[in-house]
Structure formats: C-alpha cells, structure tokens
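Asks: Have a look at the structure that comes next, please.
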Amino acid sequence: MKKIKKYIHVVLIALGVMVNCACKDLAFGNKFLQKPPSTDVTIDTVFSTAEYARCVLWYSYQYLPYGLEVSNHSTTLYLGNLEGLTDLNNDNIVYSGVQKVYNDGKYTAKTENTRTNFQQQTKIRFNEADTHMWSAIRHAWLLVANIDRVPDMSADEKARLKAEAKMMVAVYYAHMIRHYGAVPIVDHAFDASDEMPGRATLQETVDFTVRLLDEAIAEPNFPWTLPADEKSQMDGRLCKAGAYALKTRLLLFVASPLFNSDKPYAEGEAAEKKMVWFGNYDKNRWKLAMDAGKAFFDALKTNGYYHLVQKEEVTPSDYRYAFRAAYFDRGTTETLISVRRDIFTINMSTPEGQAMRWGGYCPTKEYFDMFPMANGEDFDWNNPEMAKNLFINRDPRLTETFVLDGDIFVGRKANVTEKMPAATAQKLGVNAADYPAGSDFGKSNMHALSMFSGKGCRKWGLDRNTELKNHPIQWPHIRLAEVYLNYAEAINEYNGGPNDEAYNCIDAVRERVGLGKLKRGMSQTEFRAALFRERACEFGYEEVRFFYLISWKMEEKFTTPVHGMHIYKNKKDGTYKCVSFSLATTNRKRAWWNPGGFSPIWYLSAFPMNEVQKGYGLVQNPGWE
Numbered sequence: 007m008k009k010i011k012k013y014i015h016v017v018l019i020a021l022g023v024m025v026n027c028a029c030k031d032l033a034f035g036n037k038f039l040q041k042p043p044s045t046d047v048t049i050d051t052v053f054s055t056a057e058y059a060r061c062v063l064w065y066s067y068q069y070l071p072y073g074l075e076v077s078n079h080s081t082t083l084y085l086g087n088l089e090g091l092t093d094l095n096n097d098n099i100v101y102s103g104v105q106k107v108y109n110d111g112k113y114t115a116k117t118e119n120t121r122t123n124f125q126q127q128t129k130i131r132f133n134e135a136d137t138h139m140w141s142a143i144r145h146a147w148l149l150v151a152n153i154d155r156v157p158d159m160s161a162d163e164k165a166r167l168k169a170e171a172k173m174m175v176a177v178y179y180a181h182m183i184r185h186y187g188a189v190p191i192v193d194h195a196f197d198a199s200d201e202m203p204g205r206a207t208l209q210e211t212v213d214f215t216v217r218l219l220d221e222a223i224a225e226p227n228f229p230w231t232l233p234a235d236e237k238s239q240m241d242g243r244l245c246k247a248g249a250y251a252l253k254t255r256l257l258l259f260v261a262s263p264l265f266n267s268d269k270p271y272a273e274g275e276a277a278e279k280k281m282v283w284f285g286n287y288d289k290n291r292w293k294l295a296m297d298a299g300k301a302f303f304d305a306l307k308t309n310g311y312y313h314l315v316q317k318e319e320v321t322p323s324d325y326r327y328a329f330r331a332a333y334f335d336r337g338t339t340e341t342l343i344s345v346r347r348d349i350f351t352i353n354m355s356t357p358e359g360q361a362m363r364w365g366g367y368c369p370t371k372e373y374f375d376m377f378p379m380a381n382g383e384d385f386d387w388n389n390p391e392m393a394k395n396l397f398i399n400r401d402p403r404l405t406e407t408f409v410l411d412g413d414i415f416v417g418r419k420a421n422v423t424e425k426m427p428a429a430t431a432q433k434l435g436v437n438a439a440d441y442p443a444g445s446d447f448g449k450s451n452m453h454a455l456s457m458f459s460g461k462g463c464r465k466w467g468l469d470r471n472t473e474l475k476n477h478p479i480q481w482p483h484i485r486l487a488e489v490y491l492n493y494a495e496a497i498n499e500y501n502g503g504p505n506d507e508a509y510n511c512i513d514a515v516r517e518r519v520g521l522g523k524l525k526r527g528m529s530q531t532e533f534r535a536a537l538f539r540e541r542a543c544e545f546g547y548e549e550v551r552f553f554y555l556i557s558w559k560m561e562e563k564f565t566t567p568v569h570g571m572h573i574y575k576n577k578k579d580g581t582y583k584c585v586s587f588s589l590a591t592t593n594r595k596r597a598w599w600n601p602g603g604f605s606p607i608w609y610l611s612a613f614p615m616n617e618v619q620k621g622y623g624l625v626q627n628p629g630w631e
C-alpha cells in the first residue's frame, strides 16, 4: 500500500502515549514514555499545554541511533556489532546478525523484510516497525507545525523547540545517508492520506539535512550547550554544538570517494538517477567539509565549554581513565550528541554483556597492531623487546579497548593467556610446561567464546564487574575527538596535504592520551594513513570504522582475512610469545573473504523489497534490485 499511514505510526495513539507521560517522569534518556496509550487525545488537546507539547518531541529521542544492545536484543545485528563487519573485530556468536546475515553471505533486499527472526537482524532498518525512525521524524515535524498554538509557553522556548526538532530530523537523516545514500524527503508532518514521497537525489537529501542543521544553528534561542539549571535532569538533550559537529561528519562523509567520484561505486537505476553519488567529482565538496570544521571551532572559541577530557579531570588521574570518561561517561565536556536507552548499565546478564561474553566482541590482531607505544613509536613485532613485552608501555587506549594480561580485572590482575600446546612449544624451541594457561582464560566472564581471537574486549565491558557496577552509560553518537579528526581530514584532502592546523587537530587527540605530537613533513597520503589509524585507536566499537572504510571504498579491508593471536606467558620471567593464525582457517570465516564473495554493492544497505514494491518511487540501491 502506498499510503504513508501504512508507513508510520497512527498519530493519535502515539500522542496518547505522550500525554499519559508526565514530563516529570522523564529523566532525560532514562524513562521514555512507558505508560499505556490513550485513545481520547487529539492534536488540539496535546498542544493545549506546554507539558504535553514538549512530550511530542521527547518521543523522538527514544529512537535515536544507538550502538549497544539493550533489552530484548532490540537493536540492530542481534548481539553483534558493526565493528564485526570490519578488520577490527571478528564476531564469534554463531547466531548473531553479523554471522547469520553478513558473514554467511546471505544478505539481500529480502533479508531486510525479515523481522520476526532476531537472527536475521541487519545493520539498519528502513521499516517503521523496526526502527520507528519515521514516526520520530513525524513527531518532530508535528511539534514544528503546532508549537505556536501552545498558550502557556514563552516565545523563546517555542523557538528553541522548533530548532531542536529540526536538528532531531537532521540526526535521523544523517544516519540514514550513511547507510543508504539518498532517501525520501519528509519535510513536514504528513497526514494519513498523504502519499509517501519518492526517493530524492543524493544532493537533495544532503542539502535538506544541511539546511535543517543550519536553521538550528541560526536560532538564537537554541543553546550552544545545556544551561546549568537543566544539566541534572536533561543532560543528553540536543544542542547547537552538536548541530555544528554533525554537519562536519555529514559533509566529510559525502565528500569522500564513495559519493564524490567520476563514476558510481556500482551501476543501476539509483546510480543513473544520482541517488548514490553526485554524478561527478568536485573538490569543493572537501572545502564544504573543511569550512564546516572551521565553523565549529570558531564557534567553540566563542562559546567555550566543550573540550577533550583530560587526565587531570578524572579519578584516578590517568590517561586511560580520561579516554574512558570521553566515550563512556554521561555528561562530559566531550560528548556532543548523546543517546540513552533507559537507565542502562552493563553487566554479564544484559544483552550487551552477553554479546561480549559469547564472542560478539573479539578484537583482531590487526587491531592490536595499530596501537603505538606510549611514546608514539610504532609497535613492531620485529623488535624483540616489544614482542616479548607486548602489553607494556603501549597507547593507553589499548588498555581500555582490550582485556590485557596483567591489567585491571575485577579488583586484581587479569590472567588471560593460553596454555601452550606441545606441538607449538616444539616449533618455538621452548618448554611447554613454562607456558601454562592463565587462570582467567576461558573462564566465567572471560568465556572461551569471547577469547576466540586470543584477546578479550574491554571497551564498554570494562572489567566485567566492579568497574561497571551502578554506572549508567550513554552512546556517544558524536564526540569532540571526531570533530578534530574530521577537520584534519578535510584540510588534508582539500589542500592536497596537511597544514599546521591539521597537525594540531590530530595532536590534540593524541596528546589527550599522552602520545605527543605527530611527526611533521607528511605527504597527503601519509597524513591520511596516520589519521586512518588514529580513528581506529580512538573510536573502536563506536561505529566509526565501518563508515570510514566504505566512504573510502576500501574493498581490500573487507576481502582480506583477519587474524587472531595465541598468546602464551612464561611463568618464570613473565615474557610472552605470540603465534598468529588466520581466522579464515576457522569456522568463523566470512563469505567476503572468498573469491567473488564481496562486491562494492555491500557499501550501502538495500531497501526492504516490500517497500520498493509499494510503488511510491523508492528506487533500490545498485545490486539489490
């Protein structure tokens, strides 16, 4: 059916939910509209009071993009994570969306129609019933259209809420662009009888999203950050700084080779109609991204407040804890767009904890090797001292991303090395008895499934117990460190190489963890590679890597098998020996590693087949027709 009423929630029911939710019950990001719907509510009653009207917008917050598993495994990829599609992580959960859909090579447009089987979950859903993105967008537009009718609300607050609603729509659109390219433009609150608009061009979709962000930025009553009197209950609410930041991400993404090229990444009707590329390469698109970065930092200089979390600001005062606070903690000076799902704390019984325990988070050797030494020097397996003391004096972000042997673990030191087999000992010329199994390897919260690649994941899970207890978290949809790197990348690409400002941006991120400055005199290609690695070390498991790989069309990162590590510890002197192994030789290999198993069509998701067949002009992405 073509009608949009089949596509988004019936407004009166949704509004009924909101009216029955008293705003005093909403600890922003904690309690979301949990009361039963009422059927005796109209637009007139909802916008008759400020309290009810605000709840129209509050509704939209609960469906913002979120990268962690929550109750009922309701997020995408069913116990998997987006990093599992990249070279940073290998998913070891046999029934996860990563394994059942992508690694098995079974993804099609038809797969996007499947929603009853959790194991068929994909990385995003266009269907309203799965994500509620379209009802969230609709409610934002309902507020814009009706807020002026509210009698007990000041003109300043009305203006603020309008800007906030527009930014809300932009967040959803920027998210969809990263997965689909162009999408239909919904620019007002459609009536139930309205036709769903057809798919726009990429340029139209980007222009629409940027315009919404610009309008939010231009509104004087839209605050740069939350006023002090709102921070305790409303932390996480959208603000102007986040709009500036999101604009840098969006414009950088669409300036990249995936869209900004002399030819499309794949042929098809959507390519012909310029829905998955601009139709040409234009260097000025990099300038637009660069200008957006400069605008952010100019505004930051004027308005202040946001800065990278430093070790002096956290307890214990240490580089690793500053990094942890940056991505994990609520209410820091670094998170520009923060997303909440209930009062969410991780433990091993929660879906996120289960995902870690059963092997959804298994970092690769490739990822391990990316982290430099604490002095900024590259880690080198050919350096004997580094190889036998591979966890010592490394980038503090490594200690927060991996569970490392000898590091913090439930109030003691972790013992997570393997027992050396006799055959391995013979090959290495050592005594196997000197390399016993660590007491934590394959046990309890460090189950063997979570150690499939030889190393456990610490990020988000921390020490699996004491460090997590009673610690509500947030999803950092975008944080300040990314804006620094976005700006640096745009400068490098537009100018044909880095300048001092680009170096300073990367240096700021590195110095937060004590790495010191990047060496000067790099070429454009060298700087791009340095930035590429910096993003990986800084944003692992934050849904950054995948989009960077596709934006640069790095097919080789998807087709080249990744590796695990057998790590053995000498009980006498505490030194280590490491034996790498290809994960392509295990039962967790990926279809993409097979000859012809990967195609550029995978860069963007397919639209659900039943949506395309409704006939309102939703042109399928290339290769999924």
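Position in the sequence shown (from 1) plus 6 gives the number in the working numbering.
The C-beta atom is built at its ideal place from N, Cα and C for all residues, glycine as well.
As the structure is a computational prediction, the values presented were derived from the model and not from experiment.
Under the rule that 16 or more other beta-carbon atoms within 10 Å means buried, what is Ser611, buried or exposed?
Replies: Buried is the call here.
Asks: Below 8 Å, how does it come out for the region 350–370 and the region 447–467: are there three or more Cβ pairs, yes or no?
Replies: Touching, yes, given that three or more Cβ pairs across the two stretches are closer than 8 Å.
Asks: Under the three-state reduction of DSSP, which class applies to Pro402: helix, strand or coil?
Replies: Note: Pro402 maps to helix in three-state DSSP.
Asks: Given a threshold of 16 other Cβ atoms within 10 Å of its Cβ, counted over all protein chains shown, does Trp387 qualify as buried or as exposed?
Replies: Under this definition Trp387 is an exposed residue.
Asks: Checking the sheet assignment: what are the DSSP bridge partners for Met452?
Replies: The partner list for Met452 (beta bridge, DSSP) reads Lys449.
Asks: Along the chain, which unbroken stretches of the alpha helix (DSSP H) at least 4 residues long are found entirely within the region 75–101?
Replies: Listed in chain order, there is nothing to give.
Asks: Please look up how many angstroms separate the CB atoms of Asn98 and Gly365, rounded, as I've assumed it's under 8 Å.
Replies: With 8 Å as the limit, Asn98 and Gly365 qualify as a contact, their Cβ atoms being about 3 Å apart.
Asks: I'd like the span of the beta strand (DSSP E) that includes Val585, first residue to last.
Replies: Here the beta strand (DSSP E) through Val585 covers Tyr582 to Ser588.
Asks: Spatial neighbours of Met7 within its chain, please: C-beta separation below 7 Å, excluding the five flanking residues on both sides.
Replies: Low confidence applies here, because Met7 scores a pLDDT of 29, under 50, leaving its location unreliable; read the following figure in that light. Counting only Cβ-Cβ distances below 7 Å, and skipping sequence neighbours, we find Lys620.
Asks: Select from Leu294, Tyr582, Asp506 and Gly502 the residue whose C-alpha is nearest the C-alpha of Thr436.
Replies: Note that residue 436 is Val in the sequence shown, not Thr. Cα-wise, what sits closest to Val436 is Tyr582.
Asks: Cα separation between Lys116 and Thr565?
Replies: So the two alpha carbons sit approximately 24 Å from each other.
Asks: Just to check my reading of the structure: Met354 and Ser456 have Cβ atoms closer than 8 Å, yes? What is that Cβ distance to the nearest angstrom?
Replies: Rounded, the Cβ-Cβ distance is 10 Å, inconsistent with contact.
Asks: Give me, in chain order, the residues of the same chain whose beta-carbon lies closer than 7 Å to that of Asn184; leave out the 5 immediate sequence neighbours on both sides.
Replies: For the sequence presented, residue 184 should be read as Arg rather than Asn. So the list reads Phe259 and Phe553, once near-sequence residues are dropped.
Asks: Measuring CA to CA, which of Ile479, Tyr490, His453 and Phe397 is closest to Ile573?
Replies: The option with the nearest alpha carbon to Ile573 is Phe397.
Asks: Determine the burial state of Ser450: buried for a count of at least 16 other Cβ atoms within 10 Å of its Cβ, exposed for fewer.
Replies: With fewer than 16 other Cβ atoms within 10 Å, it is exposed.
Asks: The beta strand (DSSP E) that contains Ala279, what's its start and end?
Replies: As written in the sequence, residue 279 is Lys, which differs from the Ala given in the question. Taken as a continuous stretch (DSSP letters only), Lys279 belongs to no beta strand (DSSP E), as it is neither H nor E.
Asks: Considering just the uninterrupted stretch of the alpha helix (DSSP H) at Val422, what are its terminal residues?
Replies: Where Val422 is concerned, there is no enclosing alpha helix (DSSP H), given that its DSSP letter is neither H nor E.
Asks: Measure from the alpha carbon of Thr231 to the alpha carbon of each residue in Ser267, Lys269, Glu170 and Asn109, then state which is nearest.
Replies: Among Ser267, Lys269, Glu170 and Asn109, the Cα nearest to that of Thr231 belongs to Glu170.
Asks: Return helix, strand or coil for Gly570, following the three-state DSSP convention.
Replies: Strand at Gly570.
Asks: Tell me which same chain residues have a C-beta within less than 7 Å of the C-beta of Lys246, skipping the five on either side of it?
Replies: The residues are Ala222, Ile223, Phe228, Pro229 and Trp230.
Asks: On the DSSP bridge list, what partners appear for Gly462?
Replies: Val409, per the DSSP bridge assignment.
Asks: Comparing C-alpha positions only, which one of Gly310, Gly502, Asp241 and Phe284 sits nearest to Pro478?
Replies: Among Gly310, Gly502, Asp241 and Phe284, the Cα nearest to that of Pro478 belongs to Asp241.
Asks: Give the straight-line distance between the Cα atoms of Asn395 and Asp411, rounded to the nearest whole angstrom.
Replies: Straight-line Cα distance between these residues: approximately 11 Å.
Asks: For Asp440, which residues from the same chain have a beta carbon less than 7 Å from its beta carbon, with the 5 sequence-adjacent residues on both sides left out?
Replies: Taken in chain order, the residues that qualify are Asn576, Lys577 and Lys578.
Asks: State the Cα-Cα distance for the pair Phe604 and Lys525, rounded to the nearest angstrom.
Replies: Those two C-alpha atoms are separated by around 36 Å.
Asks: Is it right to say Asn1 is buried, meaning 16 or more other beta carbons lie within 10 angstroms of its own, or is it exposed?
Replies: The first residue shown for the chain is 7 and the last is 631, placing residue 1 beyond what the model contains.
Asks: May I ask you to report which of helix, strand or coil DSSP gives Glu495?
Replies: In this structure, Glu495 counts as helix in the three-state DSSP scheme.
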